[in-house]
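In what follows, a single structure is set out as structure tokens and then discussed.
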Amino acid sequence: MNEALTPEALQRLFLNARTHSVWRDTPVTEAKIREIYALLRMGPTSANCSPARFVFIRTPEGKARLKPALSAGNLDKTMSAPVTAIVAWDDAFYDRLPELFPWADARAWFTGSPELVEETAMRNSAMQAGYLILACRALGLDTGPMSGFDRDRVDREFFADSLWKSNLLINIGYGDEQCLHPRLPRLGFEDACQLM
1 MNEALTPEAL
11 QRLFLNARTH
21 SVWRDTPVTE
31 AKIREIYALL
41 RMGPTSANCS
51 PARFVFIRTP
61 EGKARLKPAL
71 SAGNLDKTMS
81 APVTAIVAWD
91 DAFYDRLPEL
101 FPWADARAWF
111 TGSPELVEET
121 AMRNSAMQAG
131 YLILACRALG
141 LDTGPMSGFD
151 RDRVDREFFA
161 DSLWKSNLLI
171 NIGYGDEQCL
181 HPRLPRLGFE
191 DACQLM
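Position 81 (the sequence shown) corresponds to 81 in UniProt numbering; numbering is contiguous.
Printed below as a string of structure tokens:
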């Protein structure tokens, strides 16, 4: 586990990977979605809490339910994406901690502390969204993460009968390389990092 990935793997995961907005008309199968989840679920979360929950929208009916919650700038790219994942968190994720983190009473850390529940769930589900993006890239898929949507509307439409709360959306598919914008700049080490 201490060997670096090949340069080709680093290119696929980071250096050549791009956010896509235009999609080829190639479906993403249920088997591929299951493969994505099998990889992303192995990424670390604090106390193995794994609060993220995923809704993979693939049908015209599902897209029609999502459409009214999208911002205008995210409408076309989401409607044309083969899959749109709602990355949510379970507000009662801690109920699974006896199973997921059996060597401590981790559930007790969260009961009676809604602020800690939300902070932990939001932070860790965001990390799990990053794992989803990397899993997609590792399997030859492209992604387009978005936060331009009405969270309350998504939660009412998809999670009214649950304790799940939406965090972000990620379009998934096979991107059209011909329609990419030029890569935007990134902050240099000196601008974003400190060594102490």
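Just so you know, even glycine gets a beta-carbon here, dropped at the ideal spot from N, CA and C.
Nearest-angstrom Cα separation, counted from residue j out to residue i
i	j	result
residue 180	residue 28	20 Å
residue 55	residue 87	7 Å
residue 195	residue 94	35 Å
residue 100	residue 34	20 Å
residue 121	residue 58	25 Å
residue 79	residue 49	32 Å
residue 119	residue 107	15 Å
residue 109	residue 47	11 Å
residue 175	residue 139	13 Å
residue 82	residue 13	20 Å
residue 60	residue 41	27 Å
residue 77	residue 22	6 Å
residue 91	residue 152	15 Å
residue 188	residue 98	42 Å
residue 227	residue 5	In the structure displayed, the chain extends from 1 to 196; residue 227 sits before or after that span and is not available.
residue 166	residue 186	27 Å
residue 25	residue 72	22 Å
residue 68	residue 161	19 Å
Start and end residues, alpha helix (DSSP H) containing residue i
i	result
residue 130	114 to 138
residue 74	72 to 80
residue 158	151 to 159
residue 99	97 to 100
residue 7	7 to 10
residue 4	It is not in any alpha helix (DSSP H) - residue 4 carries neither H nor E in the DSSP assignment.
residue 110	107 to 110
Beta carbon of residue i nearer than 7 Å to that of residue j
i	j	result
residue 2	residue 84	no
residue 39	residue 126	no
residue 89	residue 31	no
residue 65	residue 157	yes
residue 168	residue 147	yes
residue 159	residue 70	no
residue 144	residue 19	yes
Beta-ladder partner(s) of residue i, from DSSP
i	result
residue 170	85, 145
residue 19	143
residue 164	90
residue 62	In the DSSP output, where bridge partners are listed per residue, residue 62 has none listed.
Where the beta strand (DSSP E) containing residue i begins and where it ends
i	result
residue 189	That residue, residue 189, is in no beta strand (DSSP E); its alpha helix (DSSP H) goes 189 to 192.
Problem set entry | Any beta strand (DSSP E) of 3 or more consecutive residues that is wholly inside the segment 24 to 59 | If we require 3 residues or more, the beta strand (DSSP E) runs fully inside the segment 24 to 59 come out as 52 to 57.
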